[in-house]
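Chemist: A single structure is presented below for examination.
Chains as they are written, first to last, in our numbering: chain B, 20 to 610; chain H, 20 to 610.
Next comes the structure, spelled out in structure tokens:
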């Protein structure tokens, strides 16, 4: 479909941001002026309380302008990549962003140097709600080095990312796969399709043709992966952290014990649940030998049904009724005010996201095709958007934006509630079984697979920190061993499993994946409680949504009534998984 | 051929080093003891003149022992890679080397800290010939950083080589090439064969199949190459150099003006000679369109002739007669004392080298097959070995080893003199033409092609130093442009020329290639002069050979009667090329 053929009502309304390019230009000029003004104050940011207040005001204004400009340009380019004006606007904002980043490096150092003075300024009642922002800055202090050393680290940073750069640039090509006598193109997207094929030969061939290429370049990948681990270790040690894990967790302000608790729960305590699921699959699929590449074969087929956008909203509104009228009204606004760009069209960006800033509505991009996945994606992104909307509504600009660490909770929770609504209203056993199966598959990825990734990543980092050799043989042997334990006794390993670690981009992100697990764990536990209509829990959750980024991640979660250091959370979450699995097992027995 | 089938006389005699493994073990133990002794003296190396003398003695002894041990083990493994005892010995030496390197880092810093004191010690008549060695150390002083910073740089070094590591690990595979209706395997070695094929289609296909793969991975190579340039720039700036070129030339102790002179001579002043050669090729090969991949088609075929080893020595001895009896006697010793391992055999290392240490004869490894190339290789390696032999004979251990910068002069000069001898004694015009053609081809590679590489490398480094973007488009456009200018008006460019830069490993060696050019330029100029029987020049050259590494590179060359900063040198060298070209042009006119 071409963009001009889509009804206006099914596209987002960017005129809520800027009505014409003059408005955009005006803001751009104003941002540039503000940037220069701040630069001129170097050395004087904290001279007096008034200086400091004025700096805070200007900084906030600059930040809001840049975010708004970027928001407009990137949303426009994501749906109209060939819009030359849009591309120019995007380039202009990015260049200004970069300029700001380079020229404002002095700010953090100058503020940190005046900690005592600033703590005094913060007693001013107008500045009270800057406490957390400043606290966040000052706690970095012992990990920020001298100006000279920071300059060196910035330069090292330019040469230290070769591993990731090469990983991104090395696009492999794969031998085609024979499906029903036809040679089919193999890439990441079709691999996932082929792994669902009912013919075991197709699954095997697709998996092997794919990872054979990773094996072929294993020494390159061993080099990119190990150098990334060494890089993380280097920067952590330079910044006075004991190791890379500590440095990464410091950013999220959570203790190391949290990381190890998540791994312990997923990889030890509750792993038998995953093995039970695999045993069930093997039995039900009647495979004598079940390989790791056989696990995606659908146990249940989706019932063909096409949802219109209006139907989706009917279902979504009923699903979120439990959160009360404020929540429901925001979702109605999203529909009525055209926050959402629904349909795929030529050139439009793939996937889906929620994106906005303090001075915009929280826009949503989807590629809606009317299946259950489209519906589920819509309620997922609406979860983000409501979170953003409430954060912006209840918090000052500098306290509004929440971090990735808590971001996945509202979106995933919505998906789970939708699933439950659909189960309650399903018209057939097949439909119910399909929903349960879908839920289990999603859980496996997040609460079993990602923690195994995290363990692998931890072991690689440890090797790098101890200066141990990291050949491809050592890396792939380790990964194979972890996978054998992970999949359990009912799953046989392809000889390519060891090399399949080279395919995962997240290992280049320095302890990212455990956040996925935590987000899903919390969402499962919350769903378990909210479905019991626990009104206190619902209120706490809404107050969490309204808190934006005004406090630490753990404090935010506490607000939501969740303590990730408490075993109870995991018990609730994995119990949800177990109940779902039992339901599916019972149901399939009957089928 | 298996090793045991080769006559003993045609293998090298390693018993000159060690008669049995007990002797090897004894030296190994002694080296370990010496290392420990030196370590124990940390902080006291310069306490008194006696302390200092004792340190120098022990350091020299350790160095000689390690070199001798390494020499024996690596020579043994190069001809008998499956000799388990040899492999163990090699591993033992390497481990001790590494240990010494790690544990003796304090030495340089401690010596530099005591510069004044040491300069005073050096007045002792017994230490006079340590002046240059110490001078070489002290001039590093302003580029050696604090202990803390050196530790950081050592760590950065571990993550900064990913570019080169990936380049080494990324082994490409190529589509086969159709030759006479048969699909032939394509790799680096066969590419060079196919480019000599008389069928233009074969040359085109081979070139395109080869560099198509480099184009396919161009973003990976752009990343590895640009990160290497940034790495060079980083370390240069950290060590207080203005730029990477300065840092590299500092190691060779030559001025930047030398680098630019070489480039100016080759890439501007004398480049028309190369264009004249290309025009001649085009005319003679009768190609309507001559592409860059057509330039290796032989203009003249080699006359089939098999040289025995004795015949080779007859020719070689007559060739080097001009250097006098001392030189001639050394070459006779090389033959009689079995310095040389001549023939290829299963598992033996490819190629050829001269290798030895202060306490060994300068051994030679070749893969002799009796053609002209084998003869030429033999006299080339003998050039190195005589240089080493004379250095060891006339210099103290710490002044004997010469650097790569001057190393290629004696070997290349010998090749040129051999060529002249063969020309003088050739029995047919074809034979003469073949020799002239061979000489021209070798010259092109060294005095025209390498300086173009050096220019490219300089421009890439400059981009990195200025933080300019270095996409593959920018890199390959630059390389294409340099190649167009380089090849001149008679040569058309394949569309793959731009990407062919990604194939050259030398760009990862931080200004290495200009040394090849200088070596060949000096050899050509010396040949021009020596062939005129200039006895003063011959004497100076021999005195250069006997000076080993006892003075700076420029001083050594001055001894040889050569000033690489003087235009005269280049005039002599390129004149040699021009004369050779004119001779070939005249000869081919007649044919």
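For every residue, glycine included, the Cβ atom is placed at its ideal position computed from N, Cα and C.
(1) Give me the chain B residues within the contact set of residue 184 of chain H, using Cβ-Cβ distance strictly less than 8 Å, ordered along the chain.
(2) Are at least three pairs of beta-carbons, each pair with one atom in the region 158 to 177 of chain B and one in the region 127 to 136 of chain B, less than 8 Å apart?
(3) Along chain B, which residues have their Cβ under 7 Å away from the Cβ of residue 250 of chain H?
(4) Of all the options B:440, B:475, B:473, which has the alpha carbon lying nearest to the alpha carbon of residue 458 of chain B?
(5) Run down chain H in chain order and give the residues with a C-beta less than 7 Å from the C-beta of residue 174 of chain B.
(6) What does the alpha-carbon distance come out to for the pair residue 199 of chain H and residue 221 of chain H?
(7) Nearest-angstrom Cα distance between residue 290 of chain B and residue 428 of chain B?
(8) Just to confirm before moving on: does the CB-CB distance between residue 546 of chain H and residue 435 of chain H stay below 8 Å?
(9) Helix, strand or coil for residue 384 of chain B per DSSP?
(10) In or out: residue 388 of chain B buried (at least 16 other Cβ within 10 Å) or exposed?
(11) As an exercise, report each continuous beta strand (DSSP E) stretch of at least 3 residues that is fully enclosed by the region 341 to 384 of chain B, in chain order.
(12) Taking DSSP as the reference, what is the three-state secondary structure of residue 309 of chain H?
(13) Residue 471 of chain H: which of H:343, H:48, H:278, H:417 sits nearest, CA to CA?
(14) Do residue 178 of chain H and residue 342 of chain H count as a contact pair if the criterion is CB distance below 8 Å?
(15) Kindly indicate which three-state DSSP category residue 142 of chain B falls into: helix, strand or coil?
(16) Please list the partners that residue 110 of chain B has in chain H, where partner means a Cβ-to-Cβ separation under 9 Å.
(17) List the residues of chain H that residue 510 of chain B touches, going by C-beta distances under 9 Å, in chain order.
(18) What are the partner residues of residue 608 of chain B, as DSSP defines its beta bridges?
(19) Using the Cα positions of residue 280 of chain B and residue 40 of chain B, report the straight-line distance between them to the nearest angstrom.
(20) Going along the chain, which unbroken runs of the alpha helix (DSSP H) with 4 or more residues stay wholly within the region 245 to 290 of chain B?
(21) Please name the residue, chosen from H:411, H:308, H:447, H:310, that lies closest to residue 322 of chain H on a Cα-to-Cα basis.
(22) Looking at chain B, is there any beta carbon in it that lies within less than 8 Å of the beta carbon of residue 189 of chain H?
(23) Go ahead and pull the three-state DSSP assignment for residue 516 of chain H.
(24) On the DSSP bridge assignment, give the partners of residue 511 of chain H in chain order.
(25) Against chain B, with Cβ distances strictly below 8 Å, would residue 418 of chain H count as a contact?
(26) Got a sec: is the Cβ-Cβ distance from residue 529 of chain B to anything in chain H below 8 Å?
(27) Check the C-beta distance from residue 596 of chain B over to residue 398 of chain B and give it rounded, since I have them as a contact under 8 Å.
(28) Tell me whether residue 320 of chain B sits in a helix, a strand or coil according to DSSP, three-state version.
(29) Quick one: is residue 495 of chain B near chain H, going by C-beta distance under 8 Å?
(30) Would you please verify whether the beta carbon of residue 124 of chain B is less than 8 Å from any beta carbon of chain H?
(31) Would the region 567 to 587 of chain H and the region 526 to 533 of chain H be scored as touching if the rule is three or more Cβ pairs under 8 Å?
(32) Sort out for me which residues DSSP pairs residue 202 of chain H with in a bridge.
(33) Does the count of Cβ pairs from the region 477 to 496 of chain B and the region 235 to 245 of chain B closer than 8 Å reach three?
(34) Count the CB pairs spanning the region 471 to 487 of chain B and the region 499 to 508 of chain B that are closer than 8 Å, and state whether there are at least three.
(35) Alpha carbons only, please: which of B:312, B:311, B:294, B:316 is nearest the one belonging to residue 304 of chain B?
(36) Check whether chain H comes within 8 Å of residue 181 of chain B, counting only Cβ atoms and requiring the distance to be less than that.
Modeler: This is what the structure gives:
(1) 242, 246
(2) yes
(3) 178
(4) B:440
(5) 253
(6) 9 Å
(7) 22 Å
(8) yes
(9) strand
(10) exposed
(11) 372 to 374, 382 to 384
(12) coil
(13) H:278
(14) no
(15) coil
(16) Near residue 110 of chain B there are no residues of chain H at all, since even the closest Cβ is about 13 Å away, more than 9 Å.
(17) Here the premise fails: no neighbours, minimum Cβ distance about 31 Å.
(18) In the DSSP output, where bridge partners are listed per residue, residue 608 of chain B has none listed.
(19) 51 Å
(20) 263 to 271, 275 to 283
(21) H:447
(22) yes
(23) coil
(24) H:310
(25) no
(26) no
(27) Their Cβ separation, rounded to whole angstroms, is 20 Å, which puts residue 596 of chain B and residue 398 of chain B out of contact at 8 Å.
(28) coil
(29) no
(30) no
(31) no
(32) H:197
(33) yes
(34) yes
(35) B:316
(36) yes
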